[in-house]
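Taking it in order: structure first as C-alpha cells, then the write-up.
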Amino acid sequence: MASAAEHARTTGRVLPVSPALSGLLPAAGLRRGSTVSVLGSTSLMLTLLAAATAGGAWAVAVGLPALGVVAAAELGVEVGRLALVPRPGAEFPAVTAALLDGFDLVVVGPGLARPDVARRLSARARNRGSVLLSLGSWPGAEVELNCRRTRWTGFTGGGAGYLRTREVEVRAGGRGAAARPMSALLRFPGEGEVERADFPATRWGTA
34 MASAAEHART
44 TGRVLPVSPA
54 LSGLLPAAGL
64 RRGSTVSVLG
74 STSLMLTLLA
84 AATAGGAWAV
94 AVGLPALGVV
104 AAAELGVEVG
114 RLALVPRPGA
124 EFPAVTAALL
134 DGFDLVVVGP
144 GLARPDVARR
154 LSARARNRGS
164 VLLSLGSWPG
174 AEVELNCRRT
184 RWTGFTGGGA
194 GYLRTREVEV
204 RAGGRGAAAR
214 PMSALLRFPG
224 EGEVERADFP
234 ATRWGTA
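Anchor point for the sequence shown: position 17 equals 50 in the numbering used here, and the numbering is continuous, going up by one each time.
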C-alpha cells in the first residue's frame, strides 16, 4: 500500500489510456480526481486500466468477485499492479475510501453504493487525486461510457469458423467538458490491444 500511495502522489494529473479510447475522454486520458462510469462491458473497464498499469500506476477492483486476472492480462492490464477485493460486504464504503487514499485507480462493482455514499466516494477521489471507476451507473460521474451494441466477427457464411474479434459501439457523455456526446466503434481482438474500427470526424472540443 505504501508504494501505491507514493506513486499516486508523484505521477501526472492524467493517467494514459489506449489511443483507441483517448478520443472518448475529455482529457484524452483518465484525469486524476474524476469519476468515470462504464455501462455494459467489463472488457472496456479493464481496457481503461491497461495503459495506466503498464506505465506504473496501481489499480484495485472492489466488489467484482467474477473478475479474473487472466482476462485482465489478456486485455493488457499489468496484473502485478492490480489488487482484488472481491467481497467487501457491509464495509464497502470504508474499504473503498481507504483504497482511494492509496491507489491510482479504484474500480467498484455495480449496485454497491447508495447515492449518498457514491457522492462521498467521488469527493474522496477528487480530494486524493485518484480515479474512481464504476462498472455500472454512478450518480454524478463526470464521464459515462455506455456500450450499446456488440457484433462478433469470424464466422463464414455457413455459420462455421472461429470468433476472432468483437466490435462494440461505445457512446460517451457526462458533465462539464464531457457534456458533448461522442460515439466510437471499438474492436477487441482475440489477443492484444483494443483498436478503433471507425474514425469519426467529431472529437472533444471540435466543431
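Beta carbons: idealized from backbone N, C-alpha and C, even for Gly.
Item: Classification of T183 by the beta-carbon crowding that lies within 10 angstroms, buried from 16 upward; Value: exposed
Item: G142 to L100 span [Cα, whole Å]; Value: 10 angstroms
Item: Bridge partner(s) assigned by DSSP for S155; Value: Paired residues: none, contrary to the question.
Item: Backbone secondary structure at E111 - three-state DSSP; Value: coil
Item: Run of the alpha helix (DSSP H) containing S74, from where it starts to where it stops; Value: S74 -> no alpha helix (DSSP H), and no H or E assigned at all.
Item: Backbone CA spacing between V103 and V110 [nearest angstrom]; Value: 9 angstroms
Item: Close-in-space but distant-in-sequence residues of the same chain around R46 (CB under 7 angstroms, 5 per side omitted); Value: R64, R65
Item: Whole beta strand (DSSP E) elements within the region 118-176, 3-residue minimum; Value: 138-141, 164-168
Item: Which of helix, strand or coil DSSP assigns to A94; Value: strand
Item: Three-pair Cβ contact test at 8 angstroms for the region 196-205 versus the region 85-93; Value: no
Item: Continuous alpha helix (DSSP H) stretch holding A53: start and end; Value: 52-55
Item: Per-residue burial, R42 [other beta carbons within 10 Å of its own, 16 or more giving buried]; Value: The predicted model places R42 with a pLDDT of 45, which falls under 50 and marks its position as unreliable; any figure quoted below should be read in that light. Exposed, because fewer than 16 other Cβ atoms sit within 10 Å of the Cβ of R42.
Item: Alpha-carbon to alpha-carbon, A123 and T75; Value: 23 angstroms
Item: Beta-carbon proximity check, F69 vs V176, cutoff 9 angstroms; Value: Rather than Phe, the amino acid found at residue 69 in this sequence is Val. Contact flag set, yes.
Item: Pair within 9 angstroms by beta-carbon distance, A151 and S163; Value: no
Item: Cα-Cα separation, R161 to A105; Value: 25 angstroms
Item: Residue nearest to R157 in terms of C-alpha spacing, selected from A53, V128, A60; Value: V128
Item: Member of T80, A61, A60 whose CA lies at the smallest distance from the CA of L219; Value: T80
Item: For C180 and G209, the rounded distance between their alpha carbons; Value: 21 angstroms
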